[in-house]
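What follows is a short report on a single structure.
There are 4 protein chains.
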Amino acid sequence: MSPTDGKGPRAQRKAARPMEILEAAFEEFSAQGYAATRVEDIARRVGVTKGTVYVYFESKEVLFGEMMRHLSTPLADTRAHIRSLEGPYPQRIEAFVRYVYQRLVADRKTRELLRLVVAEGARFPHLADRQDEEFMQPLCDAAGEMIREGVACGAFRPTPLAEIPELLISPALLRAVEHLMFDDRRSTDLEDFIAAHLELLWSALLPCEERAGTNGRTARPDA
Amino acid sequence: MSPTDGKGPRAQRKAARPMEILEAAFEEFSAQGYAATRVEDIARRVGVTKGTVYVYFESKEVLFGEMMRHLSTPLADTRAHIRSLEGPYPQRIEAFVRYVYQRLVADRKTRELLRLVVAEGARFPHLADRQDEEFMQPLCDAAGEMIREGVACGAFRPTPLAEIPELLISPALLRAVEHLMFDDRRSTDLEDFIAAHLELLWSALLPCEERAGTNGRTARPDA
Amino acid sequence: MSPTDGKGPRAQRKAARPMEILEAAFEEFSAQGYAATRVEDIARRVGVTKGTVYVYFESKEVLFGEMMRHLSTPLADTRAHIRSLEGPYPQRIEAFVRYVYQRLVADRKTRELLRLVVAEGARFPHLADRQDEEFMQPLCDAAGEMIREGVACGAFRPTPLAEIPELLISPALLRAVEHLMFDDRRSTDLEDFIAAHLELLWSALLPCEERAGTNGRTARPDA
Amino acid sequence: MSPTDGKGPRAQRKAARPMEILEAAFEEFSAQGYAATRVEDIARRVGVTKGTVYVYFESKEVLFGEMMRHLSTPLADTRAHIRSLEGPYPQRIEAFVRYVYQRLVADRKTRELLRLVVAEGARFPHLADRQDEEFMQPLCDAAGEMIREGVACGAFRPTPLAEIPELLISPALLRAVEHLMFDDRRSTDLEDFIAAHLELLWSALLPCEERAGTNGRTARPDA
DNA sequence: CATGAATGAGGCTTCATTCAT
DNA sequence: AATGAATGAAGCCTCATTCAT
Chain A
1 MSPTDGKGPR
11 AQRKAARPME
21 ILEAAFEEFS
31 AQGYAATRVE
41 DIARRVGVTK
51 GTVYVYFESK
61 EVLFGEMMRH
71 LSTPLADTRA
81 HIRSLEGPYP
91 QRIEAFVRYV
101 YQRLVADRKT
111 RELLRLVVAE
121 GARFPHLADR
131 QDEEFMQPLC
141 DAAGEMIREG
151 VACGAFRPTP
161 LAEIPELLIS
171 PALLRAVEHL
181 MFDDRRSTDL
191 EDFIAAHLEL
201 LWSALLPCEE
211 RAGTNGRTAR
221 PDA
Chain B
1 MSPTDGKGPR
11 AQRKAARPME
21 ILEAAFEEFS
31 AQGYAATRVE
41 DIARRVGVTK
51 GTVYVYFESK
61 EVLFGEMMRH
71 LSTPLADTRA
81 HIRSLEGPYP
91 QRIEAFVRYV
101 YQRLVADRKT
111 RELLRLVVAE
121 GARFPHLADR
131 QDEEFMQPLC
141 DAAGEMIREG
151 VACGAFRPTP
161 LAEIPELLIS
171 PALLRAVEHL
181 MFDDRRSTDL
191 EDFIAAHLEL
201 LWSALLPCEE
211 RAGTNGRTAR
221 PDA
Chain C
1 MSPTDGKGPR
11 AQRKAARPME
21 ILEAAFEEFS
31 AQGYAATRVE
41 DIARRVGVTK
51 GTVYVYFESK
61 EVLFGEMMRH
71 LSTPLADTRA
81 HIRSLEGPYP
91 QRIEAFVRYV
101 YQRLVADRKT
111 RELLRLVVAE
121 GARFPHLADR
131 QDEEFMQPLC
141 DAAGEMIREG
151 VACGAFRPTP
161 LAEIPELLIS
171 PALLRAVEHL
181 MFDDRRSTDL
191 EDFIAAHLEL
201 LWSALLPCEE
211 RAGTNGRTAR
221 PDA
Chain D
1 MSPTDGKGPR
11 AQRKAARPME
21 ILEAAFEEFS
31 AQGYAATRVE
41 DIARRVGVTK
51 GTVYVYFESK
61 EVLFGEMMRH
71 LSTPLADTRA
81 HIRSLEGPYP
91 QRIEAFVRYV
101 YQRLVADRKT
111 RELLRLVVAE
121 GARFPHLADR
131 QDEEFMQPLC
141 DAAGEMIREG
151 VACGAFRPTP
161 LAEIPELLIS
171 PALLRAVEHL
181 MFDDRRSTDL
191 EDFIAAHLEL
201 LWSALLPCEE
211 RAGTNGRTAR
221 PDA
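Protein chains in written order, with UniProt numbering: chain A, 1 to 223; chain B, 1 to 223; chain C, 1 to 223; chain D, 1 to 223.
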């Protein structure tokens with residue numbers, strides 16, 4: 001049980017510390033903003049004292065940066081997930097759309113990341129770039145490609161959505177922003193919203209004659 | 001008989017001060033955020049010293065609140081403007097959409113107001129409510145009504161857009177958020193974006209047979 | 001009605017200003033203390049603005065000094081008043097004692113002057129000296145002399161009160177201090193107190209055999 | 001098992017800090033008054049910096065309150081001390097009187113406490129109440145009881161002093177106030193003063209025939 | 001490693017004082 | 001003479017950071 005054992009519960013605890021601090025930092029920074037968050041708030045949330053934070057991170061600014069990097073990490077598998085979509089194109093589009101809502105609206109982490117990027121963008125300009133590179137661009141690239149493929153194989157009509165895939169994502173972003181603004185105070189039903197969103201997409205993507213059958217809550221054009 | 005008439009230059013100066021300070025406060029608060037902005041920064045921008053700010057506003061927090069109220073004021077004519085739209089429904093929709101871009105994207109004030117609401121919403125929860133009441137809700141109500149009227153008179157097809165008018169606005173919000181994130185670094189052409197946005201709307205709103213002919217300024221008959 | 005007339009109501013007002021300001025300064029300084037009183041408080045009490053105070057007094061400190069001098073002025077006639085006392089010695093003593101209560105307890109000005117001397121003595125050491133010179137010393141000198149005369153003519157027994165006349169005054173000072181501490185919250189009856197005080201004095205001053213008759217509420221040994 | 005045991009010098013230091021700060025606060029507040037004292041003055045007196053004061057006390061006002069409470073604590077044993085007086089009544093009275101001088105005049109702490117109560121009473125009204133409850137009232141109650149007992153057993157003549165024991169204390173208060181006003185500039189001999197004070201009391205308390213013999217430590221039969 | 005006392009720069013706010021009107 | 005806008009020094013308090021234990 002010498003202090004160098006490196007496998008006791010103490011050591012495990014130690015190994016987990018940096019992560020715990022990053023998580024706590026996320027909670028505090030996203031709730032209060034960078035400037036208004038005190039290092040001690042973060043420490044208290046972890047259950048340690050100020051000094052301990054400085055054992056692992058050399059400054060508040062570095063901690064913020066690391067926290068943002070840590071938050072962005074899961075974004076990395078965005079590309080992988082999108083690539084794994086299969087099936088008929090309309091189904092893929094729906095799956096993709098639902099994935100976007102999953103990330104932007106349901107996942108608090110991603111949502112708050114958006115808040116931090118908007119709020120602290122002035123002080124940390126690289127944040128926006130990373131967020132874009134690792135999240136928005138992959139999503140848009142994937143959406144654009146998917147649509148172009150669908151058009152190429154005749155499943156979809158030609159549409160400007162292929163060149164401007166942001167249009168496809170924007171309703172989810174609106175919900176994300178609404179969520180950031182009102183937390184849970186203004187929650188109209190998300191399923192209805194997504195259904196309408198999909199309906200809008202089908203009217204742009206599907207040939208006229210097919211559209212007749214699209215209805216129901218989530219518009220499953222797979223028939 | 002304006003408050004600046006018939007007075008010496010001193011009095012004119014004094015009458016203008018609160019507005020000058022509010023404008024400067026807007027610039028600083030939106031650039032740095034509430035907590036990171038120093039009252040002295042605001043004062044220096046106006047060309048006065050700290051103390052002068054306190055002649056007109058009793059605290060930094062009150063100044064922030066007044067600044068937000070001042071910013072929100074122009075939102076009030078949102079409703080009026082929307083009501084003034086005329087002409088055939090598709091043209092009205094287009095005018096409405098362009099108005100939304102005008103406000104959310106081209107107008108820096110409204111854009112930065114959005115940033116402040118997102119960034120400081122945690123500390124000033126009423127901000128979101130006012131922004132919503134005076135801006136988002138009027139826009140959505142107007143859009144919904146316009147669409148329902150168009151549907152009622154046969155100009156538009158039935159569409160979930162009528163119930164979820166946020167979908168109509170969301171692309172503009174996305175551009176606004178992009179603008180907040182990248183300032184001017186990521187500027188893809190806005191006209192192309194709006195054109196695609198409108199195209200998307202026409203495919204949802206117009207009967208199939210009419211869509212071929214939709215062009216005007218925006219819709220490109222790309223067939 | 002030229003501005004140099006010096007007798008219009010305006011001019012009268014002007015002439016009264018310094019005094020009004022001194023009175024207001026007294027109220028504020030004695031209520032809040034020197035450091036905690038704002039020049040503007042004083043101005044507002046007079047019904048003018050800060051600037052006006054500086055027309056008449058060059059600084060807050062000077063104003064305080066002038067106010068104290070103004071307050072001390074009525075003390076000057078202390079000597080005169082005491083000298084005017086007449087009649088049998090016991091009556092003179094009683095009149096004197098009542099005069100002391102009048103000044104120290106009933107007269108708010110003198111009482112608050114005491115507070116100011118105690119409170120601000122550290123910053124304005126000459127205050128105590130003036131207060132002493134113009135008030136306490138005259139009182140004590142007069143009391144001592146009166147007693148010594150009474151002893152000399154056989155009206156009073158020899159007593160250390162003659163050399164330490166402060167003893168004679170101290171009960172009134174106690175009431176003054178109590179008044180300063182509790183304002184009006186702790187008001188036991190003053191007449192009873194004075195009666196007891198006089199009784200105490202008679203037991204020291206009068207021969208044993210005369211004391212037998214001293215009773216009644218205010219112990220009138222003049223029978 | 002005192003709180004300073006078994007710890008490093010750091011811990012000892014820390015345990016002593018609040019007390020050191022309270023002492024320093026007493027010196028500064030009583031010398032300058034509440035408003036004119038800077039927290040930094042107090043800190044410098046302890047040999048630390050501003051910030052350290054705030055480690056122990058959350059605000060200047062709280063520090064002032066704690067300092068007053070700390071100062072008042074020793075007053076608590078006033079009652080106990082008085083009860084312990086023994087011996088013949090005149091000796092008890094003398095011991096009591098000497099105790100009052102000890103506290104009010106010789107003990108700088110109690111004296112300055114009086115200054116603070118008078119000076120800051122307007123801003124902190126409870127101060128006067130505590131001072132009265134824990135100091136003046138016990139003294140007066142004890143004196144009154146002692147005298148009434150002496151009267152009951154025939155040692156003292158009936159006297160209004162029994163009902164108004166403040167009269168017994170007031171000369172000491174006068175000396176205290178003089179001390180507050182002049183510090184050490186006006187120091188007439190205290191022993192002479194106390195002797196005269198006691199003499200005055202004996203003339204009220206003792207039967208005529210006994211008074212001739214009153215001397216003991218104090219009364220000088222200078223006839 | 002962890003602690004938390006101590007620091008001191010920095011920000012908010014007050015207010016005595018000045019001065020143009 | 002009176003005003004009150006403007007100033008800026010100064011005080012309260014916070015908090016990122018350091019470091020001895």
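Just so you know, even glycine gets a beta-carbon here, dropped at the ideal spot from N, CA and C.
Separation of residue j from residue i, as counted between CA atoms
i                      : j               : result
A122 of chain A        : G65 of chain B  : 21 Å
H179 of chain D        : A172 of chain D : 10 Å
K50 of chain A         : Q12 of chain D  : 22 Å
E61 of chain C         : E166 of chain D : 37 Å
residue 241 of chain D : F156 of chain C : The displayed coordinates of chain D run from 1 to 223. Any statement about residue 241 of chain D would go beyond what the structure contains.
G33 of chain B         : P125 of chain B : 15 Å
R186 of chain C        : V117 of chain D : 15 Å
M19 of chain C         : M146 of chain D : 51 Å
C153 of chain D        : P88 of chain D  : 11 Å
R103 of chain B        : E133 of chain A : 27 Å
L200 of chain A        : I169 of chain A : 12 Å
S84 of chain A         : V151 of chain A : 19 Å
T52 of chain C         : A43 of chain C  : 7 Å
V38 of chain C         : D41 of chain B  : For clarity, residue 38 of chain C is Arg in the given sequence; the question names Val instead. Going from the Cα of R38 of chain C to the Cα of D41 of chain B covers about 28 Å.
L174 of chain A        : Y54 of chain D  : 46 Å
A128 of chain B        : G47 of chain A  : 33 Å
F96 of chain D         : C208 of chain C : 26 Å
Minimum Cβ-Cβ distance from residue i to chain D less than 7 Å
i               : result
S170 of chain C : yes
S72 of chain C  : no
G121 of chain C : yes
A128 of chain C : yes
M68 of chain C  : no
G150 of chain C : no
7 Å Cβ cutoff, residue i in contact with chain B
i               : result
V118 of chain A : yes
I194 of chain A : no
G33 of chain A  : yes
Closer than 7 Å to chain C by CB, residue i
i               : result
C140 of chain D : no
E145 of chain D : no
S203 of chain D : yes
E86 of chain D  : no
E20 of chain D  : no
CB contact check: residue i to chain A, cutoff 7 Å
i               : result
R115 of chain B : yes
I93 of chain B  : no
C208 of chain B : yes
Nearest neighbour of residue i, chosen from the options [CA to CA]
i               : options                        : result
R79 of chain C  : C:M146, C:R130 and C:F135      : C:F135
L198 of chain B : A:L190, A:D183 and A:I164      : A:I164
E86 of chain C  : C:R38, C:R108 and C:E149       : C:E149
A106 of chain B : B:S59, B:E94 and B:E191        : B:E191
F193 of chain C : D:F29, D:P160 and D:E94        : D:P160
K109 of chain D : D:A95, D:D129, D:E28 and D:E40 : D:E28
P74 of chain A  : A:R45, A:R111, A:L63 and A:E58 : A:R111
CB-CB length for residue i against residue j, believed under 8 Å
i               : j               : result
A35 of chain B  : A36 of chain A  : 4 Å
P138 of chain A : I82 of chain A  : 7 Å
A204 of chain C : S203 of chain D : 4 Å
V177 of chain C : V177 of chain D : 7 Å
L113 of chain B : Q131 of chain B : 7 Å
Pair every Cβ in the region 67–86 of chain B with every Cβ in the region 17–31 of chain B, then say whether three or more of these pairs are closer than 8 Å. Enough Cβ pairs lie closer than 8 Å, so yes.
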